[in-house]
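Just so you know, the protein sequences line up as chains E and V, in that order. Counting the first sequence from 1 gives a position; the working numbering is that position plus 100. Counting the second sequence from 1 gives a position; the working numbering is that position plus 2. Backbone N, C-alpha and C fix where the C-beta goes; we use that ideal spot for every residue, glycine too. Below is one structure, written out as structure tokens; the observations come after it.
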Amino acid sequence: MFVLDTLVNRLKRGCETMPYPKGPAPALPDRHGGALKVEAARCGEGCDDCIPVCPTEAITRLPSKNVALDLGRCIFCAACVEACPQDAITQTGDHRMAVRRREDLVLGETGNEEVRLADALDKKLRKLFGRSLRLRQVSAGGCNACEADVNVLGTIGWDLSRFGIQFVASPRHADGLLITGPVTKGMELALKKTWDAVPEPKIVIAVGACAIAGGPFVGNPQILNGAASVVPVDLYIPGCPPHPLTILDGLLRLLGRLEEKLDVATNAKR
Amino acid sequence: MSSSTPFALLTNAAGISWAEVPAWPATDFVRATAAELDRGARLCAWFGVPEDDGASLVAVIAFDADNTLAVARSTPFSGSFPSLTLANPQAHLFEREVWEQHGLTPVGHPWLKPVRRTDGNAPAVGDFFRVNGREIHEVAVGPVHAGVIEPGHFRFQCAGEEVLHLEIALGYQHRGVEEALAGGPHRATINQIETAAGDTSIAHATAHATVMEALAGSETPLRAQWLRALALELERLANHTGDIGALANDVAFLPTSAACGKIRGDFLNLTALMCGNRFGRGLVRPGGCRHDLEPSRVAQLQERLKLAMCEIEQAVAWFWDAASVRARFENVGTVFPAQAREIGLVGLAARACGLVRDVRYDHPAGWHRFAQAPVAVWPGGDIFARARVRTLEIQRSGEFVREQLAAPADGEICCELAAPGASMLAVALVEGWRGEVCHVALTDAGGRFRRYKIIDPSFHNWIGMTLALRGTAISDFPICNKSFNLSYCGFDL
Ligand code: SF4
Ligand code: SF4
Numbered sequence: 101m102f103v104l105d106t107l108v109n110r111l112k113r114g115c116e117t118m119p120y121p122k123g124p125a126p127a128l129p130d131r132h133g134g135a136l137k138v139e140a141a142r143c144g145e146g147c148d149d150c151i152p153v154c155p156t157e158a159i160t161r162l163p164s165k166n167v168a169l170d171l172g173r174c175i176f177c178a179a180c181v182e183a184c185p186q187d188a189i190t191q192t193g194d195h196r197m198a199v200r201r202r203e204d205l206v207l208g209e210t211g212n213e214e215v216r217l218a219d220a221l222d223k224k225l226r227k228l229f230g231r232s233l234r235l236r237q238v239s240a241g242g243c244n245a246c247e248a249d250v251n252v253l254g255t256i257g258w259d260l261s262r263f264g265i266q267f268v269a270s271p272r273h274a275d276g277l278l279i280t281g282p283v284t285k286g287m288e289l290a291l292k293k294t295w296d297a298v299p300e301p302k303i304v305i306a307v308g309a310c311a312i313a314g315g316p317f318v319g320n321p322q323i324l325n326g327a328a329s330v331v332p333v334d335l336y337i338p339g340c341p342p343h344p345l346t347i348l349d350g351l352l353r354l355l356g357r358l359e360e361k362l363d364v365a366t367n368a369k370r
Numbered sequence: 003m004s005s006s007t008p009f010a011l012l013t014n015a016a017g018i019s020w021a022e023v024p025a026w027p028a029t030d031f032v033r034a035t036a037a038e039l040d041r042g043a044r045l046c047a048w049f050g051v052p053e054d055d056g057a058s059l060v061a062v063i064a065f066d067a068d069n070t071l072a073v074a075r076s077t078p079f080s081g082s083f084p085s086l087t088l089a090n091p092q093a094h095l096f097e098r099e100v101w102e103q104h105g106l107t108p109v110g111h112p113w114l115k116p117v118r119r120t121d122g123n124a125p126a127v128g129d130f131f132r133v134n135g136r137e138i139h140e141v142a143v144g145p146v147h148a149g150v151i152e153p154g155h156f157r158f159q160c161a162g163e164e165v166l167h168l169e170i171a172l173g174y175q176h177r178g179v180e181e182a183l184a185g186g187p188h189r190a191t192i193n194q195i196e197t198a199a200g201d202t203s204i205a206h207a208t209a210h211a212t213v214m215e216a217l218a219g220s221e222t223p224l225r226a227q228w229l230r231a232l233a234l235e236l237e238r239l240a241n242h243t244g245d246i247g248a249l250a251n252d253v254a255f256l257p258t259s260a261a262c263g264k265i266r267g268d269f270l271n272l273t274a275l276m277c278g279n280r281f282g283r284g285l286v287r288p289g290g291c292r293h294d295l296e297p298s299r300v301a302q303l304q305e306r307l308k309l310a311m312c313e314i315e316q317a318v319a320w321f322w323d324a325a326s327v328r329a330r331f332e333n334v335g336t337v338f339p340a341q342a343r344e345i346g347l348v349g350l351a352a353r354a355c356g357l358v359r360d361v362r363y364d365h366p367a368g369w370h371r372f373a374q375a376p377v378a379v380w381p382g383g384d385i386f387a388r389a390r391v392r393t394l395e396i397q398r399s400g401e402f403v404r405e406q407l408a409a410p411a412d413g414e415i416c417c418e419l420a421a422p423g424a425s426m427l428a429v430a431l432v433e434g435w436r437g438e439v440c441h442v443a444l445t446d447a448g449g450r451f452r453r454y455k456i457i458d459p460s461f462h463n464w465i466g467m468t469l470a471l472r473g474t475a476i477s478d479f480p481i482c483n484k485s486f487n488l489s490y491c492g493f494d495l
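Written out as structure tokens, the structure is:
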């Protein structure tokens with residue numbers, strides 16, 4: 101009988117929700133690579149091997165002649181890592197990538213080799229949202245992989261609701277938007293209307309390369325190259341798609357629920 | 003029999019020179035296509051290729067029983083042509099698209115309106131079909147839906163609870179993928195293909211790689227074909243598991259829904275074990291694969307697959323044991339076999355109507371020439387049948403992966419590809435988890451893409467859902483929608 105079966109099974113399995121963030125973070129797949137690190141100081145004289153291999157033109161040369169890699173445009177294909185003869189661009193294996201300001205995703209110059217991780221919301225907003233954050237998700241032209249990995253956070257392993265974070269069906273019930281996709285022309289009006297319908301104060305979270313800068317479709321005439329072209333963004337979470345752990349890290353960081361000392365970076369450089 | 007067709011014959015994963023594709027004036031071309039469809043062929047692709055002051059139409063059809071594809075085209079023209087839809091409903095969306103993209107009007111088309119064109123900052127959807135009467139009410143849903151899912155607009159014409167008609171307006175996700183591919187391959191081409199429909203990355207990337215290999219006239223190493231076949235089934239396993247979970251959730255059967263949410267993640271992580279990305283990004287490349295499976299990784303895959311298969315088997319057993327679940331699925335959302343044939347359903351939706359249609363079996367290419375899983379078919383055409391086909395496919399894909407892991411192919415995982423041949427047309431079909439993924443590439447004199455056409459299975463199947471909804475209660479819409487789980491972005495391209 102299935103009633104007994106399911107109960108017995110449930111008991112046998114025990115609690116399946118991961119201990120993170122109280123315990124260590126689950127490991128990323130070994131081939132994942134995590135965030136990138138760029139040490140422009142190591143670049144060889146006149147070398148630009150990484151620039152033509154990048155599918156999204158995330159790597160450019162600054163007036164200072166150093167390369168700069170925009171992790172917001174990056175789709176984490178690792179082509180530049182393979183192409184760089186100087187190991188100036190490397191993978192860190194770190195899942196943490198979320199930032200508050202767009203420019204914090206630009207890597208390269210001394211002091212800016214890695215992303216400048218997100219600060220929490222200010223005290224007032226944290227008081228409002230810190231223990232209960234309701235988000236309306238808007239899929240604005242994404243490929244559905246970002247959406248899928250946002251959905252994963254609701255499963256028993258991740259159990260997002262234990263942090264008081266929930267996805268709601270109406271913008272009227274929401275404290276903010278979580279946007280995926282590059283914002284197609286077809287979704288511009290719908291996104292604007294959804295945003296208008298969220299009561300103040302409200303926040304916006306852009307998840308994935310598409311929502312940050314257009315992702316693999318950056319520059320296509322049918323898209324607006326990211327959520328910030330329509331609404332103000334408070335948190336950028338890079339990835340194509342970001343690993344669920346990266347998304348969770350970003351959300352918790354924004355709410356001030358990750359203290360750096362507790363944040364055991366088990367995925368540190370291999 | 004396909005041998006007497008006036009079309010040019012080719013097999014899946016093959017190329018043909020553009021000059022060898024027979025060309026007729028538009029009216030004759032439409033008549034010839036209709037005749038082939040009448041004889042039992044299936045329309046895989048029908049699209050325009052811009053020419054100086056007009057366009058020519060191209061038809062790719064499949065004779066499933068003969069493992070054969072066939073192509074033909076019209077001579078360039080502008081203006082109008084007699085609609086094929088009147089004789090063969092499976093052409094209806096293709097004709098709307100051709101009208102939208104090339105300004106060629108199918109005369110007599112019953113419902114000519116935009117497919118995905120935008121008008122300013124929203125799609126130009128046109129008028130909706132309307133049912134009039136004092137008892138009739140209209141329900142409009144979307145584009146922004148209640149869950150974490152993609153946008154689309156649904157318009158129901160209802161009499162009380164009963165749905166008389168549903169019309170679906172898409173186009174919200176239109177990213178301009180096909181336009182971007184023209185003139186390629188570019189450096190972002192493979193990445194855009196992988197994200198054409200993100201949950202079908204492996205199938206789309208494999209179709210693209212196959213087309214590129216056909217254009218180069220070379221075959222990719224066997225080991226790469228083996229890896230692609232494994233990844234394709236892992237993709238199917240993850241998505242079917244997710245859908246069973248979603249169906250269970252929508253009929254409030256939580257044990258299965260909770261278990262499937264986790265097991266789906268386990269399958270995604272198997273893909274990530276192969277290539278680092280849970281959706282298979284960066285694995286399949288023209289000419290081969292980018293990551294190999296060392297013996298230790300094979301062992302890990304075997305062990306984790308075994309566990310996940312045990313768990314899914316159990317979760318699915320609970321589901322089918324529950325009379326309450328079966329009662330919700332039986333005789334709800336039915337597509338009749340005759341309808342399915344008429345509208346050209348593909349993939350699991352077709353197999354759930356009793357149609358034996360599976361590219362892995364009908365048009366084997368790559369590794370599927372050597373190894374196949376039995377085709378999963380179920381009669382009925384209702385939600386129950388679609389869920390059954392999913393469970394059967396989970397079993398068979400799991401078994402397929404297990405067998406293949408036990409007997410790996412040796413050799414290299416990639417080869418150097420020659421540049422694509424000039425003025426050629428190549429076709430690749432791959433059985434993605436939703437159904438047939440079709441890529442057609444046409445190159446110019448310099449070997450660049452003159453036209454690159456992608457047909458996601460959703461393009462064929464959305465109309466199936468509107469038919470399934472007729473006569474059911476509007477409250478059955480969520481489970482019916484989940485049972486198809488079609489792609490919005492894959493359609494909108
Ligand atoms: S990893 Fe990112 S920056 Fe490097 S080539 Fe790929 S997309 Fe460009
Ligand atoms: S960022 Fe990547 S995974 Fe996310 S929606 Fe865009 S293409 Fe898909």
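Anyone know if the C-beta pair for residue i and residue j falls short of 8 Å?
i               : j               : result
Q322 of chain E : G200 of chain V : no
G257 of chain E : G267 of chain V : yes
G492 of chain V : Q92 of chain V  : no
R287 of chain V : C416 of chain V : yes
V23 of chain V  : A10 of chain V  : yes
K356 of chain E : A220 of chain E : Before going further, note that residue 356 of chain E is Gly rather than Lys in the sequence given. Their beta carbons are under 8 Å apart, which means G356 of chain E touches A220 of chain E by this criterion.
V304 of chain E : V268 of chain E : no
K1 of chain V   : E180 of chain V : There is simply no residue 1 of chain V to check, as chain V begins at 3 and stops at 495 in what is shown.
P125 of chain V : V109 of chain V : no
L233 of chain E : D296 of chain E : no
E237 of chain V : I204 of chain V : yes
G308 of chain E : N325 of chain E : no
A430 of chain V : N14 of chain V  : yes
A140 of chain E : A183 of chain E : no
S77 of chain V  : A25 of chain V  : Before going on, a small fix: residue 77 of chain V reads as Thr here, not Ser. Closer than 8 Å, so yes.
So with CB distances below 7 Å, who are the chain C contacts of residue i?
i               : result
N123 of chain V : Among the protein chains in the structure shown, which are E and V, there is no chain C.
Apart from the five residues just before and just after residue i, which ones in its own chain have a Cβ nearer than 6 Å to its Cβ?
i               : result
T192 of chain E : G134, A135, K137, K369
A171 of chain V : V127, H155
L394 of chain V : A378
G247 of chain V : S259, C262, G263
H104 of chain V : G50, A57
A245 of chain E : P341
M214 of chain V : P288
A231 of chain V : W369
Short of 7 Å in beta carbon distance, which residues of its chain neighbour residue i, apart from the five on each side in sequence? Order them along the chain.
i               : result
I195 of chain V : H206, A207, H210
Just confirm the distance between the C-beta atoms of residue i and residue j, as a whole number of angstroms; I'd bet it's less than 8 Å.
i               : j               : result
I476 of chain V : V141 of chain V : 6 Å
A327 of chain E : R202 of chain E : Between R202 of chain E and A327 of chain E the Cβ distance is about 11 Å, and since that is not below 8 Å, they are no contact.
M467 of chain V : L488 of chain V : 7 Å
P381 of chain V : G356 of chain V : 4 Å
R119 of chain V : E137 of chain V : That belief does not hold up - the Cβ atoms of R119 of chain V and E137 of chain V are roughly 34 Å apart, past 8 Å.
Output needed in chain order: residues of the region 268 to 298 of chain E with a Cβ under 9 Å from some Cβ in chain V.
V268, A269, S270, P271, L278, T280, G281, P282, T284, K285, G286, M287, E288, L289, A290, L291, K292, K293, T294
Contact residues within the region 119 to 153 of chain V, judged by C-beta distance below 7 Å to chain E:
T120, N123, A124, P125, P145, V146, A148, V150, I151, E152, P153
Contacting positions in the region 265 to 276 of chain V - beta carbon closer than 7 Å to chain E
G267, N271, A274, L275
Quick one, which residues of the region 333 to 355 of chain E are near chain V if we go by CB-CB under 9 Å, in chain order?
C340, P341, H343, P344
Ligand 2: which residues have Cβ under 5 Å from any of its heavy atoms, chain order?
E:G242, E:C243, E:A245, E:C246, E:G308, E:A309, E:C310, E:G315, E:C340, E:P341, V:T197, V:G200
Looking at chain V, which residues of the region 236 to 253 of chain E have a Cβ within less than 9 Å of any of its Cβ atoms?
R236, Q237, V238, S239, A240, G241, G242, C243, N244, A245, C246, E247, A248, D249, V250, N251, V252
Any residue with its C-beta under 6 Å from a non-hydrogen atom of ligand 1 counts. Can you list them all in chain order?
E:V153, E:C154, E:P155, E:T156, E:A158, E:I159, E:L169, E:C174, E:I175, E:F176, E:C177, E:A178, E:A179, E:C180
Short-range partners of chain V found in the region 184 to 197 of chain E, where Cβ spacing is below 9 Å
none
Listed from N- to C-terminal order along the chain, which residues in the region 144 to 172 of chain E have their beta-carbon within a distance smaller than 8 Å of any beta-carbon of chain V?
P152, V153, C154, P155, T156
For the region 452 to 465 of chain V, enumerate the residues whose C-beta is nearer than 8 Å to any C-beta of chain E, in chain order.
none
Selection of the region 102 to 119 of chain E by Cβ proximity to chain V, strictly under 8 Å:
F102, D105, T106, N109, R110, E116
Residues in the region 197 to 223 of chain V with C-beta within 8 Å of chain E's C-beta atoms, listed in sequence order?
T197, A198, A199, G200, D201, S203
Which of the residues in the region 407 to 437 of chain V, read from start to end, lie with their CB under 7 Å from any CB of chain E?
none
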